[in-house]
Amino acid sequence: MSFTAEVKDELARVPPTCSHCEKATLAALVRIEGTLFFSGQGTYRIEIATDVPSVARLIIKLLHELYHLKTELTVRRSVLHKTPNYLIEVPAQPHLADALRDMGVLSEEGGLELGIKESLVAKECCTAAYLRGAFLGSGFVSDPRGDFHFEVTVESGDLAEGLVDLLDRKGINARVMQRRSSHMVYLKSGAAILEFLAFTGAHQSALSMENARVIKSVRNDVNRMTNAEIANQAKAASASVDQIYAIREVLEAHGMENLPPALQEFIRLRVTYPDATLKELGERATPPLSKSAVYHRVRRIEQMAKELHR
6 MSFTAEVKDE LARVPPTCSH CEKATLAALV RIEGTLFFSG QGTYRIEIAT DVPSVARLII
66 KLLHELYHLK TELTVRRSVL HKTPNYLIEV PAQPHLADAL RDMGVLSEEG GLELGIKESL
126 VAKECCTAAY LRGAFLGSGF VSDPRGDFHF EVTVESGDLA EGLVDLLDRK GINARVMQRR
186 SSHMVYLKSG AAILEFLAFT GAHQSALSME NARVIKSVRN DVNRMTNAEI ANQAKAASAS
246 VDQIYAIREV LEAHGMENLP PALQEFIRLR VTYPDATLKE LGERATPPLS KSAVYHRVRR
306 IEQMAKELHR
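Here my numbering = 1-based position in the sequence shown + 5.
This is the structure:
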């Protein structure tokens, strides 16, 4: 099961906080996932499709309990994805138009409602319920082990801006991007996605995402430290090779016995421990030397080698 499906399954099971929350959830689902057909003589029918079984059950339950509407369920199987798809049909029947007006699908004048009916989201819990329904309808959230991405796709620009406004009321920064004939409300930061999941009631999914964020952060820190260590080792190895070349030239020109004791000791240490850092060489000296003292001897060797090329 994808992370999106896990989130939807959890959200579909969130109990309502007040008596109006379920209406807000159903209203968003019908607005976003429903297809409205005009049957003539002022009658309508609706089709709602979803590929999450718990969402299908929730839609049917709310249509029955809130509006006493008859529904027909057809289970279809995708040949391409080999997953079931649930088509919920609400045939033309008395009071369906009234229900659509109550859910903010139809305006009081009889046309389509463009924005979000304010009475549906008058309370904070109902705002959370409406956003929950919006995600259940067309939401997507990427696997938190990868890059963070969240979106809800709607057909109406007014509805998209309405969702952005609802999110903004909770301090969640969302943006809208038009994609062909649809509008995508999206969140890019992990923190914003976590806030959405927690606000809408997907607490288990939020916890899973936070755990993935921590693991990803630790892994990134380890990778940075490892890369830095490898870079330091490569730098030290390259410096050691340069020092050994300089030592060889100095010894060929002057001989070991003609060099000061301090340089003789450094040469023995460097040749014996070619992979050691300057700090480690200083610790092996007798008596131990500071890193700066060892570096001073390196500079003397390198200067002598440079003078041989003049």
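Using N, Cα and C, we set each Cβ at its ideal position, and we do this for glycine too.
The beta strand (DSSP E) runs of length 3 or more contained entirely in the stretch 281-315 do not exist; there are none. Only residues of its own chain outside the window of five on either side were considered, and among them Cys131 have a CB closer than 6 Å to the CB of histidine 25, listed in chain order.
In the three-state reduction of the DSSP assignment, phenylalanine 155 falls in the strand class. In the displayed model, glycine 47 falls within coil according to three-state DSSP, outside both helix and strand. A straight line joining the alpha-carbon of arginine 180 with that of alanine 242 spans about 50 Å.
Your pair alanine 290 and leucine 274 checks out as a contact, with CB atoms roughly 6 Å apart and the cut at 8 Å. Pairing serine 147 with histidine 188, the inter-Cα distance amounts to about 18 Å. DSSP places alanine 54 in the strand class (E or B) of the three-state scheme.
Annotation: valine 219 to alanine 258 spans about 58 Å, alpha carbon to alpha carbon. Judged by DSSP in its simplified three-state form, arginine 82 adopts strand. Sequence-distant partners of arginine 106 (beyond 5 residues in either direction) whose C-beta falls short of 7 Å from its own C-beta, in its chain, are Glu113. Distance from the CA of leucine 92 to the CA of glycine 195, rounded to the nearest whole angstrom, comes to 33 Å. Per DSSP, asparagine 263 is not a residue of any beta strand (DSSP E), being assigned neither H nor E. Selection Asn225, Val227, Ala207, Glu215 evaluated against lysine 13 yields Ala207 as nearest (Cα-Cα). Closest in C-alpha terms to serine 297, from the list Gly167, Ile272, Tyr72, Thr282, comes Thr282. If you look at glycine 162, you'll find it in the alpha helix (DSSP H) that goes 162-174. Residue environment: methionine 108 is assigned as buried (16 or more neighbouring CB atoms within 10 Å of its CB, all protein chains considered).
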